[in-house]
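Visitor:
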Ligand code: HEM
Ligand SMILES: [Cu+2]
Ligand SMILES: [Cu+2]
């Protein structure tokens, strides 16, 4: 059964695997493989990803090289003789990968990932607080207005056109709340702490350029923190299936200079003003 | 293809029988696995209960006192089951009593439902009530499975092969004790 | 008969069999309502092939929509339903049926030296429950509102907002389609649980004399671990499904919170917690992916041993790795929920715990690779698929590294990176394992070989197509391309979007490559080259019986005398020793 045909298969498969390895690695150089990044923790996320690319890339490349080599070496016409490994070498080949994997992966998550993760979930006192409400298929943001307080949202007052947040006219906190449909405004370089809620089903507040992603869960307020680092207009793309309109649940985060943001904020009128 | 697998199905009327000792082992494996699965099921429900009770709307209602009587019934059924398992001349009688107690238990649970309903507590009245109705129903299904097995065993009671029936039955009893404790004290 | 029984003492050695009294049974008893594990195994395979036509067809349909928007004659409502049904059908009705149920049924009794499963009637029942389950799943396309459309994960509130009674309607697919989906899944769980019970009882109690646990082929080990894992984790989904059904139809509030407003309609629910469902779902879901992938790896070990003419490297460490994977697999479910709103501390824990699993996986990977060291490889189609599996396990596994790191998952969650990752794992690894197994055992199943030329065509098309398709999807995920989208318009996604036509072409290649397989499968049954009893010179027990395998599997049950992999024996290292060879 070991014939010329076997050797052909060996060469074919091993060159294919090498080609696949080269193409995969090469793709990182050829493609614009990630969106630009415009937030403080986003750089940390990218640092984390880069670290894993090297760790994973090492395993990917070495694994495929070994596989290809073995195929050619032991798949051709040779008559290799199998010898059982000594117990010691065998243990080496077990403990080696275990130590390597645990060290590489846990080191990454503890040393690089952990601090960034904390950054995303720590509310700093002077953060700008923004309230995000999701509903099928729209993002609504809200700022507390001059009083710095958010009014209560009441399901019974909800009206898709007139009152999408269900704010209460009689609630003094709600009066000056600034409500923006389909967009969020942020000053550059300043921390923003988000309170995220949903009226109906799960959604996910996902802004890839800011490397931000946090589900909106009805009945729960979830949080995330973003410090934008560049002025620009970044898309929100819902990242949790929420119905047939999921794909068109878009919005924009407008990051402005501090002065522009202050100007914008001033030009806004409260919901009941 | 029919030709190819002709040989597989050559004989169907006389099934491939396992020797008694091996058969006993497979029943053992089956029973313990099912108990393990059952434990996982009630653990999952319990965990869900403990999570759900964190919500603001949590307001446990008092269960009808009858559930305690039912607990006693199911406990008694475990005792008679043990006596049946010991074997001997009276094993059949004890097994019969176990079945009767089991039926009594299910009937008692049904009455407990009626009592709750009479107080105006329904499945959707409160989360606590939802859990009560759901868990009693799920548990009753396990009791029913146990009763079916016991009925089948009634014929050959007395030759001391009720160990696995007893294991399932004790599991079912313990599960009810656990559910009552959960619903009352947590 | 009496003498034979007297000789065959020991554990399962008593198993009598009625072959001597053989009366040819009727067609129906033999091929339709058969209790023979081999027939049932093939029935499962055929069912999986049938369902794969539906599942793969759906995927090509939405791939056209993705590559050339508007060209597929599809609405957004249909799109989400089709994606949901594709996922459900492929995971539960193709991969599970073909690999876990199909090949498992065929191989387990033969490899442990048993006459049949421990409970043949239960086994038949398991299969016949799958038939209505599959029918209900497919028919759900044709009810009001169409099929379920909340993703294969069926997260509430979307999946709970049924529109029945006082419950508002979340989306068209949340109506009757979702109910039928749950019903079909319930039947599937019943069937799969019964199958798992049978597997464990067979493996624990029906092994041939001399077959200690550490003499079981790795295929059996993986089925064993997978079955236990399934039995312990499926109850969580059962509980979740019961609560979801109550929420949908009877107005309880397990998962539906206070203050819901759906399309302007206020719901009456109070206090439910949607996140609870996600915990329960993934408590099952994560072990379930191992239930699928482990047997594929086990089969690869067996196939690689047979075609590289040497025992697999590190039998013992592989078994330990399996057990550790199973244990860790039950405590890491939260890695699917990093961005779900779960407590961030828990997120950290799940991240750290999940990354530990990469260690036993690396051990399995190294053992697979090292099994080729000093081998004498025979490049059969079966072997090619097993080699492809090694590559896919590695590539998919390192994708897991990215996802399991919570900080990186902020970028990858619910993008095509996840799609690429799990398709490599529960798509490519499982299917290469399944195909390796089918080409390997086909001669034992039907007494004929599959055609090797068509087989190679099948392999190259499948492997090139699937590898390219799913690796490119990883890059789309790097680009932030969100999953389950009918159409894309954002600026940032444009570079990733440009890759979509390529992905679709590779999908056509991978799916098209199944055509020679289907043809080969049925053609070879009747016209394939006749096979001897042990055409691959393999050493495990299934190759010690005649081909075609008689009812009851052996005239005389084998008695095991050694390790499963008696390759590279003799002075020149080119002899082999059957597992039941005289000592
Ligand atoms: C090295 C081991 C692995 C690690 C560390 C790992 C990690 C992960 C993580 C963290 C996710 C969640 C990603 C997200 O939703 O953002 C994920 C998703 C997934 N993984 Fe893995 N994985 C590994 C191996 C596997 C294997 C062996 C399988 C299957 C046999 C598998 C199947 C899946 C599936 C089906 C999903 C996605 C489910 C969905 O969201 O629809 N993974 N994996
Ligand atoms: Cu969405
Ligand atoms: Cu997982």
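Chains as they are written, first to last, in my numbering: chain F, 1 to 273; chain Y, 1001 to 1186; chain P, 2001 to 2583.
By construction, the Cβ of each residue, glycine as well, lies at the ideal position given by its N, Cα and C atoms.
1) Only counting the same chain, and skipping five residues up and downstream in sequence, which positions put a Cβ closer than 6 Å to that of residue 2361 (chain P)?
2) Residues in the same chain with beta-carbon distance under 6 Å from residue 2428 (chain P), minus the five sequence neighbours each way, listed in chain order, please.
3) With distances taken between CB atoms, is the gap from residue 168 (chain F) to residue 181 (chain F) smaller than 7 Å?
4) Does the beta carbon of residue 2568 (chain P) come closer than 7 Å to any beta carbon on chain F?
5) Output, in chain order, the set of chain Y residues within a Cβ distance shorter than 8 Å of residue 2254 (chain P).
6) Should residue 2515 (chain P) go down as buried or exposed, given a rule of 16 or more other Cβ atoms within 10 Å for buried?
7) Collect the residues with a C-beta less than 6 Å away from any heavy atom of ligand 2 and give them in sequence order along the chain.
8) Could you confirm whether any beta carbon from chain Y is found closer than 7 Å to the beta carbon of residue 2329 (chain P)?
9) Sorry if obvious, but does the Cβ on residue 2411 (chain P) come closer than 6 Å to a heavy atom of ligand 3?
10) If I'm right that residue 2256 (chain P) touches residue 2157 (chain P) with Cβ under 8 Å, what's the distance once you round it to whole angstroms?
11) Closer than 7 Å, CB to CB, is residue 2560 (chain P) near chain F or not?
12) Do the segment 2332-2342 of chain P and the segment 211-223 of chain F meet, that is, are 3 or more Cβ pairs less than 8 Å apart?
13) Taking the C-alpha atoms as reference points, what is the distance between residue 2524 (chain P) and residue 2194 (chain P)?
14) Is residue 41 (chain F) near ligand 3, going by C-beta to nearest heavy atom under 6 Å?
15) Under 8 Å by Cβ, that's how I've got residue 2105 (chain P) and residue 2189 (chain P) pegged, so tell me the actual separation to the nearest angstrom.
16) Closer than 7 Å from C-beta to any heavy atom of ligand 3: which residues, in chain order?
17) With 9 Å as the C-beta to C-beta threshold (strictly closer), list the residues of the segment 1077-1098 of chain Y near chain P in chain order.
18) Give the interface partners of residue 2235 (chain P) over in chain Y, defined as CB-CB distance under 7 Å, in chain order.
19) Under the DSSP definition of a beta bridge, which residues are partnered with residue 2572 (chain P)?
20) In whole angstroms, give me the CA-to-CA distance for residue 1183 (chain Y) and residue 1122 (chain Y).
21) On the DSSP bridge list, what partners appear for residue 251 (chain F)?
22) Looking only at its own chain, which residues have a Cβ that is under 7 Å from the Cβ of residue 2122 (chain P), when we skip the five neighbours before and after it?
23) Hey, is the segment 2203-2219 of chain P in contact with the segment 2261-2279 of chain P, meaning 3+ C-beta pairs nearer than 8 Å?
24) Quick one: is residue 155 (chain F) near chain P, going by C-beta distance under 7 Å?
25) Closest by CA to residue 2484 (chain P), which one among P:2418, P:2574, P:2271, P:2426?
26) Taking a contact to mean a Cβ-Cβ separation below 7 Å, would you say residue 2223 (chain P) touches residue 2297 (chain P) in this structure?
27) Could you give the first and the last residue of the continuous alpha helix (DSSP H) run that contains residue 1131 (chain Y)?
28) Can the beta-carbon of residue 45 (chain F) be found less than 7 Å from the beta-carbon of residue 2354 (chain P)?
29) With a CB to CB cut of under 6 Å and the five nearest residues on each side skipped, what residues in its chain are close to residue 1186 (chain Y)?
30) Identify which residue in P:2336, P:2482, P:2085, P:2317 has its Cα closest to the Cα of residue 2281 (chain P).
31) Is DSSP giving residue 2338 (chain P) helix, strand or coil here?
32) Using DSSP bridges, identify the partner residues of residue 205 (chain F).
33) Under 7 Å between C-beta atoms, does residue 2059 (chain P) make it to chain F?
34) Could you list which residues in chain Y have their beta carbon closer than 8 Å to that of residue 2243 (chain P), in chain order?
35) Can you confirm whether residue 1143 (chain Y), when its beta carbon is compared against all beta carbons of chain C, has any partner nearer than 7 Å?
36) Expressed to the nearest angstrom, what Euclidean distance is found between the alpha-carbon atoms of residue 141 (chain F) and residue 2411 (chain P)?
Guide: Walking through what the data contain:
1) Close CB contacts of residue 2361 (chain P) within its chain, under the 6 Å cut and outside five residues either way in sequence, are with 2397 (chain order).
2) So the list reads 2392, 2466, once near-sequence residues are dropped.
3) Their beta carbons are not under 7 Å apart, which means residue 168 (chain F) does not touch residue 181 (chain F) by this criterion.
4) Yes, contact with chain F.
5) Taking a Cβ-Cβ cut-off of 8 Å, the neighbours of residue 2254 (chain P) in chain Y comprise 1048, 1052, 1127, 1130, given in sequence order.
6) Exposed.
7) Per the Cβ criterion, the list is F:203, F:238, F:240, F:241, F:242, F:246, F:249.
8) With a threshold of 7 Å between beta carbons, residue 2329 (chain P) makes no contact with chain Y.
9) No; taking the cut-off as 6 Å, the Cβ of residue 2411 (chain P) has no heavy atom of ligand 3 nearer than that.
10) Going by Cβ atoms, the distance from residue 2256 (chain P) to residue 2157 (chain P) rounds to 6 Å, so yes, they are a contact pair.
11) Not a single C-beta of chain F is nearer than 7 Å to the C-beta of residue 2560 (chain P).
12) Yes, the segment 2332-2342 of chain P is in contact with the segment 211-223 of chain F.
13) Distance between the alpha carbons of residue 2524 (chain P) and residue 2194 (chain P): 32 Å.
14) Not under cutoff, so the answer is no.
15) With a beta-carbon spacing of about 18 Å, residue 2105 (chain P) and residue 2189 (chain P) fall beyond the 8 Å limit used to define contacts.
16) Counting only heavy atoms of ligand 3, the residues whose C-beta sits closer than 7 Å to one of them are, along the chain, P:2282, P:2285, P:2286, P:2289, P:2332, P:2333, P:2335, P:2336.
17) So the list is empty, because no residue satisfies the distance condition.
18) Neighbours of residue 2235 (chain P) on chain Y, chain order: 1037, 1040, 1041, 1044.
19) None; residue 2572 (chain P) has no bridge partner.
20) Rounded to the nearest angstrom, the two C-alpha atoms are 15 Å apart.
21) F:236.
22) Around residue 2122 (chain P): 2194, 2198.
23) Not touching, per the Cβ criterion.
24) Yes - at least one Cβ of chain P is within 7 Å of the one on residue 155 (chain F).
25) Closest by alpha carbon: P:2418.
26) In this structure, the beta-carbon distance from residue 2223 (chain P) to residue 2297 (chain P) does not fall below 7 Å.
27) Annotation: the continuous alpha helix (DSSP H) that includes residue 1131 (chain Y) extends over 1127-1154.
28) No, they are not a contact pair.
29) Excluding residues within five positions, none has a Cβ falling inside 6 Å.
30) For residue 2281 (chain P), the nearest C-alpha among the options comes from P:2336.
31) Reduced to three states, the DSSP call for residue 2338 (chain P) is coil.
32) DSSP, once it has assigned bridges, lists F:214 as partnering residue 205 (chain F).
33) It does not; no Cβ of chain F falls within 7 Å.
34) Within chain Y, the residues 1048, 1134 have their CB atoms less than 8 Å from the CB of residue 2243 (chain P), given in chain order.
35) In the displayed structure, chain C is absent; the protein chains listed are F, Y and P.
36) Those two C-alpha atoms are separated by around 22 Å.
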